[in-house]
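In the numbering used here, the protein residues as written are 12 to 209. Report on one structure; see the data block that follows.
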């Protein structure tokens, strides 16, 4: 049975990443924070040769560069080589969050207020699981949305399966206004592991 991708919401002080993703996040977050980066999401995909996906932002709010992704890849690879959370061979992928990025933290909901998002929750809210609307920011209860019919809904962070910005001209313009650097490309580094250590 293959390990499936998972989307997990992180808040400022406490991540709800669980299992292997949670352990990896705890291992790499301090190193990346020291380098000036923030983790947006960690996912582990596959079973035979798992892929560890790390999506990151720069803490200063600038767009992440290819060089930043390479720096993150080397730092994360070094930590995972030492900590050895995954036995055998594995692959590391580091990328920027992109323009049509996932909203995984309360501060993402505040930062992208006014933009369109599609979201899905694990437990129905007002009788439904899928939503699209305008981001209104974050509250203590969750991410706030204004739906097409004008009603507002709060999606609890702990029940949020996924939320991703919808690519619009306004979002592109806002992103370009915030940073003139070009969008980074994904950097992938393959790690070869020796026999599992016990």
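Even for Gly, the Cβ is constructed at its ideal location relative to N, Cα and C.
Range of the contiguous beta strand (DSSP E) that encloses residue i
{"i": "residue 38", "result": "Not the beta strand (DSSP E): residue 38 falls in the alpha helix (DSSP H), residues 30-45."}
{"i": "residue 50", "result": "48-56"}
{"i": "residue 155", "result": "153-158"}
{"i": "residue 144", "result": "139-149"}
{"i": "residue 7", "result": "In the structure displayed, the chain extends from 12 to 209; residue 7 sits before or after that span and is not available."}
{"i": "residue 98", "result": "Premise fails: residue 98 is in no beta strand (DSSP E) and is neither H nor E."}
Reduced DSSP secondary structure (H/G/I, E/B, other) of residue i
{"i": "residue 117", "result": "helix"}
{"i": "residue 174", "result": "strand"}
{"i": "residue 83", "result": "helix"}
{"i": "residue 74", "result": "coil"}
{"i": "residue 185", "result": "helix"}
Alpha-carbon to alpha-carbon, residue j and residue i
{"i": "residue 167", "j": "residue 30", "result": "21 Å"}
{"i": "residue 130", "j": "residue 146", "result": "10 Å"}
{"i": "residue 135", "j": "residue 123", "result": "24 Å"}
{"i": "residue 98", "j": "residue 66", "result": "22 Å"}
{"i": "residue 44", "j": "residue 62", "result": "22 Å"}
{"i": "residue 185", "j": "residue 92", "result": "38 Å"}
{"i": "residue 32", "j": "residue 39", "result": "11 Å"}
{"i": "residue 181", "j": "residue 175", "result": "15 Å"}
{"i": "residue 55", "j": "residue 64", "result": "6 Å"}
{"i": "residue 154", "j": "residue 164", "result": "8 Å"}
{"i": "residue 46", "j": "residue 160", "result": "44 Å"}
{"i": "residue 172", "j": "residue 156", "result": "15 Å"}
{"i": "residue 179", "j": "residue 57", "result": "32 Å"}
Residue i - containing alpha helix (DSSP H), residue span
{"i": "residue 70", "result": "Note, residue 70: premise wrong, no alpha helix (DSSP H); not H, not E."}
{"i": "residue 108", "result": "From DSSP, residue 108 is part of no alpha helix (DSSP H); its letter is neither H nor E."}
{"i": "residue 60", "result": "Element bounds for residue 60: n/a, residue is neither H nor E."}
Within 8 Å, strictly: CB atoms of residue i and residue j
{"i": "residue 128", "j": "residue 144", "result": "yes"}
{"i": "residue 113", "j": "residue 52", "result": "yes"}
{"i": "residue 183", "j": "residue 110", "result": "yes"}
{"i": "residue 121", "j": "residue 86", "result": "no"}
{"i": "residue 96", "j": "residue 50", "result": "no"}
{"i": "residue 115", "j": "residue 60", "result": "no"}
Outcome for residue i when other beta-carbon atoms lying within 10 angstroms are tallied against a minimum of 16
{"i": "residue 214", "result": "One cannot answer for residue 214 here, as it falls past the ends of the chain, which runs 12 to 209."}
{"i": "residue 89", "result": "exposed"}
{"i": "residue 41", "result": "exposed"}
{"i": "residue 141", "result": "exposed"}
{"i": "residue 152", "result": "exposed"}
{"i": "residue 133", "result": "exposed"}
{"i": "residue 68", "result": "buried"}
{"i": "residue 94", "result": "exposed"}
{"i": "residue 71", "result": "exposed"}
Test: residue i CB closer than 8 Å to a CB of chain D
{"i": "residue 141", "result": "Absence of chain D from the displayed structure is noted, only one protein chain being present."}
Near the ligand NAP: residue i beta-carbon under 7 Å from a heavy atom
{"i": "residue 58", "result": "The ligand NAP is not among the ligands present in this structure, which contains no ligands whatsoever."}
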